[in-house]
Amino acid sequence: MKIMVVGGGGREHTLIWALKKSPKVTEIFALPGNGGIAKDATCVNIGAKDIEGITKFAKENAIDFAVVAPDDPLVLGAVDALHAIGIPCFGPNKAAAIIEGSKAFSKDLMAKYNIPTATYKIFNDAEKALEYSKTQSLPMVIKADGLALGKGVIIAASHEEAEEAIRSMMIDKQFGDSGNEIVIEEFLTGPEVSVLCFTDGKTVRPMVSSMDHKRAGDNDTGLNTGGMGTVAPNPCYTKEIAEVCMETIFLPTIRAMEKEGRPFKGCLYFGLMITPNGPKVIEYNCRFGDPETQVVLPLLDTDLLEIMLAVEEERLADLEISWKDGSACCVILASKGYPQSYEKGFVITVDEDALKEGQEIFHAGTALNENGEVVTSGGRVLGVTAIAPTLEEAIGKAYRATEGIHFENKYMRSDIGQRALRGN
Ligand code: AMP
Ligand code: GLY
549 MKIMVVGGGG REHTLIWALK KSPKVTEIFA LPGNGGIAKD ATCVNIGAKD
599 IEGITKFAKE NAIDFAVVAP DDPLVLGAVD ALHAIGIPCF GPNKAAAIIE
649 GSKAFSKDLM AKYNIPTATY KIFNDAEKAL EYSKTQSLPM VIKADGLALG
699 KGVIIAASHE EAEEAIRSMM IDKQFGDSGN EIVIEEFLTG PEVSVLCFTD
749 GKTVRPMVSS MDHKRAGDND TGLNTGGMGT VAPNPCYTKE IAEVCMETIF
799 LPTIRAMEKE GRPFKGCLYF GLMITPNGPK VIEYNCRFGD PETQVVLPLL
849 DTDLLEIMLA VEEERLADLE ISWKDGSACC VILASKGYPQ SYEKGFVITV
899 DEDALKEGQE IFHAGTALNE NGEVVTSGGR VLGVTAIAPT LEEAIGKAYR
949 ATEGIHFENK YMRSDIGQRA LRGN
C-alpha cells in the first residue's frame, strides 16, 4: 500500500518508523517530512496546512491510505477533503477535531456529559472576563479557546497576571482569533498523565500511558515548550486509576461525541491530572502527542497499519492490540534558546557506535542542506528514545545515546523521567 503521512516532526518520524515495519506498506510519502524522515520516506515539499496541495498530491499519486498527524490540518478538515476524493484516512474529521480546536466546545461537552474536569466559565467579552477574574482564587488558569501552538494556557499566580493574560488574549489578540473566546478555570493539582487512545468512534483502546515534561528547564522550571521528553508507561497511572478513567472519562467521551453527531475516529489524546478527588481531564487533543508518540509506539507490538485500517473501517472491537513489557524514555535534544529564539543550520553528526539495540533517533526540527548533510532547523531537533526492561534502565540508555550525537548549541534537560521514578 502507498501511504501518505501529513506532518514533519518527531511524532511523524515515529509514525513512519512504525508504519514501515508493516509488510503491507510498499511506499511512504511525508508531507513535508524533515531531514531524518528523508531516510525512511519520500519527502514532498507540501505544507501540513495546505489542504488543497495535500489532496491533489494524494489523488495524483494514487495514495491508498493517509495519516493526518498534526492538529492544524485536522481542525481545518484535511480528513474530510481526503474522504471526499475517496482516500481512506487515519484521523478525525473536522466535526470531531473540534474537541481540540475549541476549548469552549470541549469544556461544555464535559459539563453536559458529567466528565470530570476543572470547573470553568467561558467568556467572549473582555470586560466581563476581567471582572470575573477579580473574584477568583489563585492560582487561576486562563486558556485561549482555539489552537495556540501549546502556548494558550496561562497559570496566573496573581490577579495582575490574570488581567494581563486576559488583555493579551482578548484585546491585543496575541493568538489571533484563537483568543476571541477564553476559558477561566479552577487550578487542579496532582501528577499529570497522557493517555493516547485508538478509537473508531465506538470502541476505545488506550495505548500505554506516558508522562510529558513540558517546561524547558530541569525540575520543571522555565518556559512551557512543546515537550522536552517523555517516559512510558507512567508509574502514576495504576491499573485502578486506568479502570476509573475508562469508566468515567474515556467511554463517556467517545459516547458523548457520538451523541453529538461528531463520532471521533483516530487517536484521541487525554491529558489527565490525577487529583486528590480522582482523575480529571486537563485537555483533549485530536491527535497523537509529541513527544508522547516517541515513547508509546516503540512499545507497540501490533502492526500499526493494521490498527489504523481497523479504526478507519470501524472494526477496532475485533482487533487484539499487544504491547511490549518494559519502559521507554525519550530525551529531546533542542536548540539552545528554545522555546524563544535560537540559531539554526548547524550540522548534526552521530558517532558510528552511538546507537545500540533498543535506541532510536527520531528527527523533529532537521533539514538537509545543499551538501546533503542533516542540519538543525527547529527548536526541538531530535528525540532520542530507548526501551529497556525497567524505567531506570530506559532513562540511562536514552541519555547514553545522546552522548554520541553532536551539534552546536545542543540543549537537553538532564532530569527526564526522574519525577516518574519518584512516583509523582
Ligand atoms: P494544555 O496546553 O491545555 O496542555 O495546558 C498546558 C499545561 O498547563 C498542562 O499540561 C498543565 O500542566 C497546565 N494546566 C492546564 N490546565 C490546568 C488546570 N486546570 N490546573 C492546573 N494546571 C493546568
Ligand atoms: N506533548 C503534548 C502535546 O502533544 O500536545
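Residue 549 is where the sequence shown starts when you use the numbering used here, and the numbers rise one by one after that. Where a beta carbon is used, it is the ideal one built from N, C-alpha and C, also for glycine.
Out of the options, point me to the one whose CA is closest to residue i's CA.
i, options, result
"ARG928", "TYR661, VAL756, GLY556", "GLY556"
"LEU848", "LEU622, TYR886, MET755, ASP656", "MET755"
"ALA626", "ILE599, ALA617, ILE719, LYS587", "ILE599"
"ILE953", "VAL898, PRO937, THR769, TYR959", "VAL898"
"GLY814", "ARG753, PRO571, PHE955", "ARG753"
"ASP748", "ASP866, ILE703, ARG559", "ASP866"
"VAL903", "ARG948, SER875, ILE943, GLU941", "Note on identity: in this sequence residue 903 is Leu, with Val being the wrong assignment. Closest by alpha carbon: ARG948."
"GLN966", "THR950, GLU941, LYS958", "GLU941"
"LYS669", "LYS699, PRO839, GLU733, MET549", "GLU733"
"ARG970", "VAL553, ASN782, VAL829, ASP901", "ASN782"
"ILE797", "THR590, TYR959, TYR661", "TYR661"
"MET960", "ILE585, MET718, MET776", "MET776"
"ASN972", "LEU916, PRO811, THR786", "THR786"
"THR751", "GLU862, ASP851, LYS604, LEU697", "GLU862"
"SER650", "LYS587, ALA858, ASP873, LEU622", "LEU622"
Is the CB-CB distance between residue i and residue j below 8 Å?
i, j, result
"ILE714", "SER681", "yes"
"LEU509", "PHE723", "Here the chain covers residues 549 to 972 and nothing more, so residue 509 does not appear."
"ASP766", "SER962", "yes"
"PHE878", "GLY819", "What sits at residue 878 in the sequence shown is Cys, not Phe. No. Outside cutoff."
"GLU648", "ASN772", "no"
"LEU744", "ASP619", "no"
"SER800", "ILE663", "According to the sequence displayed, residue 800 carries Pro and not Ser. Contact: yes."
"PRO507", "ILE789", "The requested residue 507 does not occur in the structure, where the chain is confined to residues 549 to 972."
"GLU860", "PRO636", "yes"
"PHE894", "PHE955", "yes"
"PHE671", "GLU729", "yes"
"VAL779", "ALA912", "no"
"THR562", "LEU845", "yes"
"VAL830", "GLU740", "It is Ile, not Val, that sits at residue 830 in the sequence shown. In this structure, GLU740 lies closer than 8 Å to ILE830 by Cβ."
"TYR817", "SER742", "yes"
How far does the alpha helix (DSSP H) with residue i in it extend, from its first residue to its last?
i, result
"ARG970", "966–970"
"CYS649", "The residue asked about is misnamed: residue 649 is Gly in this sequence, not Cys. Note, GLY649: alpha helix (DSSP H), 642–649."
"GLN842", "841–844"
"GLU708", "707–714"
"GLY944", "939–950"
"CYS979", "Nothing about residue 979 can be reported from this structure: the residues present for the chain run from 549 to 972 only."
Does the beta-carbon of residue i, which I'm using as the reference point, lie nearer than 7 Å to any heavy atom of ligand 2?
i, result
"ASN833", "yes"
"ASP760", "yes"
"ASP620", "no"
"PRO887", "no"
"GLU840", "yes"
"GLY913", "no"
"GLY649", "no"
"GLY698", "yes"
"GLY775", "yes"
"GLY837", "yes"
Check for me: the beta strand (DSSP E) holding residue i runs from which residue to which?
i, result
"MET552", "550–555"
"PHE605", "Careful: PHE605 lies outside any beta strand (DSSP E), inside the alpha helix (DSSP H) at 599–608."
"VAL731", "730–734"
"HIS631", "Unbroken run through HIS631 is the alpha helix (DSSP H), 626–632; no beta strand (DSSP E)."
"CYS815", "814–823"
"PRO664", "Neither: PRO664 is in no beta strand (DSSP E) and is coded neither H nor E."
So does residue i have its beta carbon nearer than 7 Å to some heavy atom of ligand 1?
i, result
"ILE703", "yes"
"PHE613", "no"
"GLY819", "yes"
"ALA610", "no"
"LEU916", "no"
"VAL741", "no"
Counting only beta-carbon separations shorter than 8 Å, does residue i have a partner in chain D?
i, result
"PHE735", "Among the protein chains of the structure shown there is no chain D, as only one such chain exists."
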